[in-house]
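Right, one structure below, let's go through it.
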Amino acid sequence: MEVNLIVESLKFLVLGMSTVFMFLVLLVLVLNLQAKIIMKYFPTKMENINVGHSSSELSQQGNLAVVAAIAASLKSYKQSK
Amino acid sequence: MKKVIIYLLMLVSLSFMTTSLYASDVAKENLNQDYKSKSVPELFGSLYESTGLNAIINPTEGLVSHGTVVSVFNQSGGRIMMMAICFVLFYLAIAKGFEPLLLIPIAFGGFLANIPLADIAGPDGFLGILFNMGVSTGLFPIIIFMGVGAMTDFGPLLANPKTALLGGAAQFGIFGTIVGAAALSQYTGVIDFSLKEAAAIGIIGGADGPTSIFVASKLAPDLLGAIAVAAYSYMALVPIIQPPIMKALTTKEERKIKMEQLREVSKLEKIVFPLTVMVICILILPDATPLIGALTFGNFVKESGMAKRLSDTMENSLINIVTIFLGLSVGSKLAAEKFLVPETLGILVLGLIAFSMGTAGGVIMAKVMNKFSTHKINPLIGSAGVSAVPMAARVSNKEGMKEDPSNMLLMHAMGPNVAGVIGSAVAAGVLLSIFK
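Residue numbers (the numbering used here), protein chains in the order written: chain W, 1 to 81; chain E, 1 to 436.
Structure below.
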């Protein structure tokens, strides 16, 4: 029995692209859902930095850390330009 | 009592020694019987017969190497041609900097495989042993995937998941090329690919070396050398192949689109991500789990942050060791009798088409998505959907900067880029499941 290679390969095209897209669409949906759940129930603690800032008892060491962080971010900003 | 036992033992061992000495005497006599006295010119004559020079100048009819009969041309001119090709690959790797980590071992493996008489790429040569150990079994590509997983940061994909679709569209190159390969063998008499071989060639369009080798070793082991060389050389040529296609398919305004800043991704999201991918893969396509499983394992170890030694090993020493072995054993398929066939030319042409179609697929998909979405996507990042991490993303970034120097697309392009790795692994799984 002669198999028409082109027809067969077109079938592969349909099967393959739909599977890849199905997989990735599912991945996108799940990732969006996952991000929502994680942000709602396990929010990252960003407040720490603000608390440190507002308190008057900022130690010398803490000050140095802040200065170092600013310097590092400036440096990376300059490098990225 | 003890003394008696020790004496007995010594006696027994002595008797063994004498018998073995006696046996070696007999062997010597046998050897001398085989050896016939030769004159000095005869000795030089037989030495000449075992030189590589003689093997190249006077090829023997019907010589069997690597299990196939090697034609007279492939023993002489073919070998020299292949060595020349290996030297071109050395040049590209060293002087031009094209994927030197891979091309140097591959080209040297090819160089070794073409040495006459030594049969290094044969089943008993060290290249053959490496090949049988890691490539025919599909082991090396899997270990490389672990390292890739441990190196890759999926953060950009997590921050903007819909860019994963671009990585899907770029896989059009794979399946489009299968159609092309089938059409080529249907309408031309010279090149005749079976459907399995067409599928193995198409996977070059995924722009993913390990995946290509994994699929080719399962579907078309004979074409492995040409497929691996095509895949890696086109990956190295991404900065040359992609930009003209990207420019032709986009307008100046589209290339200037600025995308919004990516959000912060929490550590927990990154840890959960490999497991999520794994679950989806298990449910939809278990055939892709060897590749995806290794990738997610590497990534999970990295993101867990608790096994730094393991992730360090995977992304450095382990991947380097396996890259050496993989390169050499792929190179062993550059032996003249395997490589100098019309199919190779077909594979090189089809591989280029596969790459171009993948690039176009990603760019067009980005334009389609812009029609339906309010958050605009710069179509230049679509081309990064072919996996070639991180080269393709860098190309997107560079092209974007050409239009607007303040437009940083690199992190945005990493999203489709890493999704492309997953996408081509899924495509590989589909192809393997078809021919099961």
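Ideal Cβ placement from N, Cα and C applies to all residues, glycine included. Quick caveat: nothing in here was measured; it's all calculated off a predicted structure.
Alpha carbon to alpha carbon, what distance is there between residue j and residue i?
i, j, result
"S56(W)", "A69(W)", "Any reading at S56(W) is ruled out, since the residue's pLDDT is 45, under 50, leaving its predicted position unreliable."
"N48(W)", "D312(E)", "Interpretation of N48(W) is limited by its pLDDT of 46, a score under 50 that renders its predicted location unreliable; no figure is taken from the coordinates."
"S332(E)", "G128(E)", "7 Å"
"M246(E)", "G155(E)", "25 Å"
"P290(E)", "A207(E)", "18 Å"
"V51(W)", "P43(W)", "Summary for V51(W): the model assigns pLDDT 42, below 50, so the residue's position carries little reliability, and this model does not support an answer."
"A230(E)", "L318(E)", "25 Å"
"L283(E)", "L26(W)", "11 Å"
"I353(E)", "V3(W)", "24 Å"
"K256(E)", "E403(E)", "6 Å"
"L410(E)", "A384(E)", "10 Å"
"I377(E)", "F175(E)", "25 Å"
"G423(E)", "G125(E)", "36 Å"
"A220(E)", "V7(W)", "21 Å"
"A419(E)", "S136(E)", "27 Å"
"V40(E)", "A55(E)", "22 Å"
"S54(W)", "S73(W)", "Note that S54(W) scores a pLDDT of 43, beneath 50, so its modelled location is shaky; the value from the coordinates is reported in the next line. Approximately 21 Å, taken between the alpha carbons."
"L15(W)", "A393(E)", "28 Å"
"Q242(E)", "V421(E)", "17 Å"
"E399(E)", "I94(E)", "26 Å"
"L166(E)", "P342(E)", "34 Å"
"T152(E)", "P390(E)", "9 Å"
"Y7(E)", "D34(E)", "41 Å"
"L58(W)", "L64(W)", "The predicted position of L58(W) is uncertain, since its pLDDT is 47 and thus under 50; no value can be drawn from it."
"L10(W)", "I201(E)", "15 Å"
"S217(E)", "G134(E)", "10 Å"
"S433(E)", "G168(E)", "18 Å"
"I213(E)", "L268(E)", "33 Å"
"A425(E)", "M306(E)", "27 Å"
"A121(E)", "L112(E)", "8 Å"
So residue i is in the alpha helix (DSSP H); what residue range does that whole segment cover?
i, result
"M82(E)", "77–94"
"A428(E)", "410–434"
"K40(W)", "5–41"
"G447(E)", "Lying outside 1 to 436, the shown extent of chain E, residue 447(E) is not represented and no answer is given."
"I242(E)", "The sequence shown places Gln at residue 242(E), rather than the Ile named in the question. Start and end: 238–249."
"M357(E)", "342–372"
"T152(E)", "No alpha helix (DSSP H) holds T152(E); DSSP gives it neither H nor E."
"Q186(E)", "172–187"
"F214(E)", "209–219"
"T323(E)", "319–331"
"F339(E)", "336–339"
"S37(E)", "It is not in any alpha helix (DSSP H) - S37(E) carries neither H nor E in the DSSP assignment."
"T313(E)", "308–313"
"F126(E)", "126–130"
"A199(E)", "195–202"
Quick one: list the residues of chain W neighbouring residue i, beta-carbon separation under 8 Å, in chain order.
i, result
"E269(E)", "Q34, A35, I38"
"G176(E)", "L13"
"P161(E)", "L27, V28, L31, N32, A35"
"I284(E)", "T19, M22, F23, L26"
"T276(E)", "L27, V30, L31, Q34"
"L158(E)", "L31, A35"
So which residues on chain W does residue i lean against when the C-beta distance must stay under 7 Å?
i, result
"G189(E)", "Correct list: empty, because the minimum Cβ distance to chain W is about 14 Å."
"A164(E)", "L24, L27, V28"
"I280(E)", "F23, L26, L27, V30"
"A198(E)", "S9"
"I434(E)", "F12"
"A419(E)", "L24"
Could you tell me whether any non-hydrogen atom of the ligand ADP is closer than 7 Å to the CB of residue i?
i, result
"L345(E)", "Absence of the ligand ADP from the depicted structure is noted, as is the absence of any ligand whatsoever, leaving it without description."
So residue i contacts chain E; which residues on that side make the cut at Cβ distance below 8 Å?
i, result
"V20(W)", "G168, Q171, G423, V426, A427, V430"
"L10(W)", "V179"
Name the chain E residues whose beta carbon is nearer than 7 Å to that of residue i?
i, result
"L15(W)", "V430"
Would you mind giving the Cβ-Cβ distance between residue i and residue j, rounded to the nearest angstrom? I have them listed as a contact below 8 Å.
i, j, result
"A335(E)", "N160(E)", "With a Cβ gap of about 46 Å, A335(E) and N160(E) do not count as contacting."
"L326(E)", "F140(E)", "4 Å"
"I144(E)", "P210(E)", "4 Å"
"L350(E)", "A181(E)", "5 Å"
"A226(E)", "T344(E)", "4 Å"
"M17(W)", "F172(E)", "6 Å"
"P116(E)", "R79(E)", "6 Å"
"G147(E)", "E315(E)", "5 Å"
"L395(E)", "L249(E)", "Residue identity differs from the one stated: residue 395(E) is Val in this sequence, not Leu. About 14 Å separates the two Cβ atoms, so there is no contact after all."
"L29(W)", "A164(E)", "That belief does not hold up - the Cβ atoms of L29(W) and A164(E) are roughly 10 Å apart, past 8 Å."
Show which residues of chain B have a CB atom less than 7 Å away from the CB atom of residue i.
i, result
"I6(W)", "This model lacks chain B altogether; the protein chains it does include are W and E."
What residues of chain W sit near residue i, judged by a beta carbon separation below 9 Å?
i, result
"S195(E)", "The identity of residue 195(E) in the sequence shown is Leu, whereas the question assumes Ser. Within chain W, the residues near L195(E) are V3, L5, E8, S9, F12."
- Task: Kindly provide the ranges of any alpha helix (DSSP H) runs that are 4 or more residues long and lie completely inside the stretch 254–303 of chain E, ordered along the chain.
- Result: Counting whole runs of 4 or more residues, the stretch 254–303 of chain E contains the alpha helix (DSSP H) stretches 267–284.
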